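Down below is the structure, laid out as structure tokens.
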Amino acid sequence: MTILDRRFGRLATILFVILLEPPSIASAHDGRPLVIGLDQTDIGHYIASVYAPPTVAFESLPTVYFPSGCEQRNSRNNGFVSIRAGSTQTIFCPGGLSQRRIEVDYPLGNPSLSTLLRITWSVGDSATVLSEPGKNIVTVPMRPTTSTVSLEFLKFGITHVLAGVDHLAFVICLLFLCRTIKHCLIAVTGFTAAHSITLTLAALGYIGVPIRFVEILITLSVAILAAEVLRSRRTPTLPRRHPFWLASAFGLLHGLGFASALGEAGLPRFATVQALLSFNIGVELGQALVIVLALSIAYSLRSLPAVVRNTAGVTSVYVVGVTAAYWSYSQIGLG
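In this text, residue positions in the sequence shown follow the working numbering: the first is 27, and each later residue adds one.
Right under this line is the structure:
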């Protein structure tokens, strides 16, 4: 009996739990946040823009409220500025926005979106602040130091991985495919190295692929891997014997998805290397946390009868595969 057979049902049960929440299925790779962009053109003057992920329905689009005293260009609502997601406005805030608070209001409640505030000063420096889904207030930062940039991008990398349902499903499916702990370590190493390469190249502008195309391929990769897990239980396949190559190939793809999120945050020009490295480390820490947690839960469920584990396992992986295939189908625009 291989490690795959002993752990199959327990790990797959974790996958089933990951996919239980309907909003997660509907948003697949939307670990993407609401993005508030502030570009300073002069002291106190900003071009403010708000972008929501395309999976947010029109009636659920949030409105962002700026501090009292701010004025909107060509508007009579001086002293009161609000911008709905999908809009861009030129605003003036006497004294600037540093250390002042911006409020986000969702008319139908927050659909589990984090808020990413990105500000670029007129001198070229930039900063990024990530706020958790449960918080509707974001404080505009002071001009950053290298250490604050590193910390913010480290946190962003971790939270992005933990919010990406398809990435979590792929990593756990990868564990199913491995026959031994050694195979798991090799496969995860290949996946990590590969997505680090494309993440770096895309973030620095050396390669570029339309994000919609990338998202379709990422969800397809989960469906393909789930099918391979089920197929390899009956007949040992090449990917099961050598998971490194499959993991590395799909890792290149997932790296492009990570780069898209990093592109929305924006790399500060004065600390590009530190920000990129910190984000990458954050991604790896989040991924390692998921793997350790998955294996720990799997070990704790070892007392369940084998027939229960295996039945739950097969059912859960089918759910993963069908869900990923359906999301890809919907993304293409056929559903």
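Even for Gly, the Cβ is constructed at its ideal location relative to N, Cα and C.
Predicted model only: the values in this text are computed from it and were never measured.
Item: To the nearest angstrom, report how far apart residue 220 and residue 119 are at their CA atoms.; Value: 45 Å
Item: Considering only residues of the same chain and omitting the five flanking positions on each side of residue 126, which have a CB-CB separation below 6 Å?; Value: 93, 166
Item: DSSP state of residue 151, grouped into three classes?; Value: coil
Item: Nearest to residue 276 by alpha carbon, out of 91, 223, 231, 322?; Value: 223
Item: Should residue 271 go down as buried or exposed, given a rule of 16 or more other Cβ atoms within 10 Å for buried?; Value: exposed
Item: Please state whether DSSP places residue 47 in a helix, a strand or coil.; Value: With a pLDDT of 45 at residue 47, under the threshold of 50, the predicted position of this residue should be treated as unreliable, though the coordinate-derived value follows. Of the three classes helix, strand and coil, the one that applies to residue 47 here is coil, per DSSP.
Item: For residue 365, which of 347, 305, 216, 291 has the nearest alpha-carbon?; Value: No answer is possible for residue 365: it lies beyond the span of the chain, which begins at 27 and ends at 361.
Item: Work out the CA separation of residue 163 and residue 145 for me, nearest whole Å.; Value: 16 Å
Item: Are residue 203 and residue 269 closer than 8 Å when you measure CB to CB?; Value: yes
Item: Are three or more beta carbon pairs between the region 239-253 and the region 344-356 nearer than 8 Å?; Value: yes
Item: Return yes when the Cβ of residue 60 is within less than 8 Å of the Cβ of residue 156, no when it is not.; Value: no
Item: Could you check which residue in 69, 62, 79 has the C-alpha nearest to that of residue 122?; Value: 69
Item: With distances taken from CA atoms, which of 107, 147, 151 is nearest residue 130?; Value: 107
Item: Which same chain residues end up closer than 8 Å to residue 110 when comparing Cβ atoms and leaving out the 5 residues on each side of it in sequence?; Value: 76, 87, 88, 89, 90
Item: CB residue 335 to CB residue 266, shorter than 8 Å?; Value: no
Item: I need the straight-line Cα distance from residue 169 to residue 151, nearest angstrom please.; Value: 7 Å
Item: Say the cut is 7 Å; is the CB of residue 299 nearer than that to a heavy atom of the ligand NAP?; Value: Ligands are entirely absent from the displayed structure, and the ligand NAP is therefore not among its contents.
Item: May I ask you to report which of helix, strand or coil DSSP gives residue 74?; Value: strand
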